[in-house]
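First to last, the protein sequences are chains A and B. Start counting the first sequence at 1; every next residue gets the next number (our numbering). Start counting the second sequence at 1001; every next residue gets the next number (our numbering). Quick reminder that beta carbons are idealized off the backbone N, C-alpha and C, glycines included. This report concerns only the one structure given below.
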Amino acid sequence: MAININLDLMLVKKNMSLTELSEKVGVTLANLSVLKKNHAKAIRFSTLNGICKALNCQPGDILEYVDETQITKQEN
Amino acid sequence: MTETNDIGKLPSIKAISIVISWFYYLGWVAFGLITILFTVLYITDNNVKFINLPISISYEENLDKIPPDFLNSDSKYQVVGVEKIKLHTNNEGGFSFTLIMPVLLISGLLWILYIIRKFIRTVKEGHPFSRDNPRRIRMIGFIVMISSPVIAAVQYIYAYQYIYMLDFPHAEIRVEPDISLMTIFLGLILFVIGHVYELGVKLKEENDLTI
Chain A
1 MAININLDLM LVKKNMSLTE LSEKVGVTLA NLSVLKKNHA KAIRFSTLNG ICKALNCQPG
61 DILEYVDETQ ITKQEN
Chain B
1001 MTETNDIGKL PSIKAISIVI SWFYYLGWVA FGLITILFTV LYITDNNVKF INLPISISYE
1061 ENLDKIPPDF LNSDSKYQVV GVEKIKLHTN NEGGFSFTLI MPVLLISGLL WILYIIRKFI
1121 RTVKEGHPFS RDNPRRIRMI GFIVMISSPV IAAVQYIYAY QYIYMLDFPH AEIRVEPDIS
1181 LMTIFLGLIL FVIGHVYELG VKLKEENDLT I
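This is the structure in structure tokens:
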């Protein structure tokens, strides 16, 4: 996936646990875990809105674009 | 997830599950019984019956009189009927053919029932959109599609073994395999349903992984 989720980083920065975030956003812990592990296929605007509100951050702080082709070139 | 769990609790699903299970176990019983029955028949009677061969016998139109009796007393092969003849044989080939046909049919049926049971189990457990189910539907389609040509091929092979033994004056004897186009068509439809179901599974996965 070319989009990375930096949720764990933001949680450390804001000193918040995943359980606490799930309670504030209203998303299950399992779903947040899927999101954190970068296994999610899509994210709703409402969820993103809730996370940004709870963590007091911008979507760009959570989502990061990584060019996969450049990574594979560097690896080769 | 709760919606799919509810589907598993539906009385119709439970009823189908019970019926399929019964057919599945009856199929195994029939499988065993047929093998035993035919073996016993062969040993005790030395005469295996009910061989349907796709042989057609046709007479010329200008022939005055069709022989009234098709039975040839000198031959060990008694011919009954004209369009679809039955041979009462007492040789090895007849026995194996008589055994092969029901074994083939029941094996196919049991295979289909086994797949349907697995499919229904996933529905009852609340995850009908598992990745294995489209493959299962396609497999049923494949079995249904090949069943008719396979049976016709077996009939064809055996019919050619017996056709030279038949002697009817002024008659044309042909082997005409009976391939059911309906089952082939049904198999193709199941193939298409399997592919559509696979798309549904992909959509479900995408929906589940949307946070």
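Asked                                                                                                                                                    : Found
For Glu1125/B, report the span of its beta strand (DSSP E) as first-last.                                                                                : Counting along the chain, Glu1125/B falls outside any beta strand (DSSP E), and DSSP gives it neither H nor E.
Which residues in chain B have a C-beta closer than 7 Å to the C-beta of Asn31/A? List them in chain order.                                              : Ile1211
Considering only residues of the same chain and omitting the five flanking positions on each side of Thr1122/B, which have a CB-CB separation below 8 Å? : Pro1128, Ser1130, Asp1132, Asn1133
Report the partner residues of Gln4/A according to the DSSP bridge assignment.                                                                           : It is Asn, not Gln, that sits at residue 4/A in the sequence shown. Asn4/A pairs with Glu64/A.
Could you give the C-beta distance for Leu32/A and Leu55/A, rounded to a whole number, given that I count them as a contact under 8 Å?                   : Not a contact, Cβ separation roughly 12 Å.
Per the DSSP calculation, Val25/A is bridged to which residue(s)?                                                                                        : None, per the DSSP bridge assignment.
Rounded to whole angstroms, what is the Cα-Cα separation between Lys24/A and Phe1023/B?                                                                  : 53 Å
Which residues in the same chain have their Cβ closer than 6 Å to the Cβ of Leu1166/B, if we skip the five residues on either side of it in sequence?    : Ile1173
Determine the closest residue to Gly1187/B out of Lys1204/B, Leu1104/B, Met1139/B, with distance taken between C-alpha atoms.                            : Met1139/B
By DSSP, does Asp1045/B sit in helix, in strand, or in coil?                                                                                             : Reliability fails at Asp1045/B, whose pLDDT of 48 lies under 50, so the model's placement of it is uncertain and the value that follows must be treated cautiously. If DSSP states are grouped into helix, strand and coil, Asp1045/B belongs with the helices.
Along chain B, in chain order, which residues have C-beta atoms closer than 8 Å to that of Leu11/A?                                                      : Simply none; closest approach about 15 Å.
In the stretch 35–65 of chain A, which residues sit with their C-beta less than 7 Å from some C-beta in chain B, listed in chain order?                  : Leu35, His39, Ala40, Lys41, Ala42, Ile43, Arg44, Thr47
If you draw a straight line from the alpha carbon of Ile1055/B to that of Leu1181/B, how long is it in whole angstroms?                                  : 19 Å
For the stretch 1188–1205 of chain B, which residues have a CB atom closer than 9 Å to at least one CB atom of chain A, in sequence order?               : Glu1205
Excluding sequence positions up to five away, which residues of its chain have a Cβ less than 6 Å from the Cβ of Phe1031/B?                              : Ile1106
Quick one: Cα of Leu1033/B to Cα of Ser1017/B, how far?                                                                                                  : 24 Å
Using the Cβ count rule (16 or more neighbours within 10 Å means buried), how would you classify Val1080/B?                                              : Note that Val1080/B scores 43 on pLDDT, short of 50, meaning its location in the model is unreliable; the coordinates nonetheless yield the value given after this. Result: exposed.
Kindly identify the DSSP beta-bridge partner or partners of Val1175/B.                                                                                   : Ile1055/B
Are the beta-carbon atoms belonging to Met16/A and Ile62/A less than 7 Å from one another?                                                               : no
What does the alpha-carbon distance come out to for the pair Cys57/A and Ile1116/B?                                                                      : 51 Å
Strictly by DSSP, which residues pair up with Ala42/A?                                                                                                   : Thr1210/B
Between Phe45/A, Ala40/A, Gly50/A, Asp67/A, which has its C-alpha nearest Asp1208/B's C-alpha?                                                           : Ala40/A
Going straight from the alpha carbon of Val1154/B to that of Gln1161/B, what length do you get?                                                          : 11 Å
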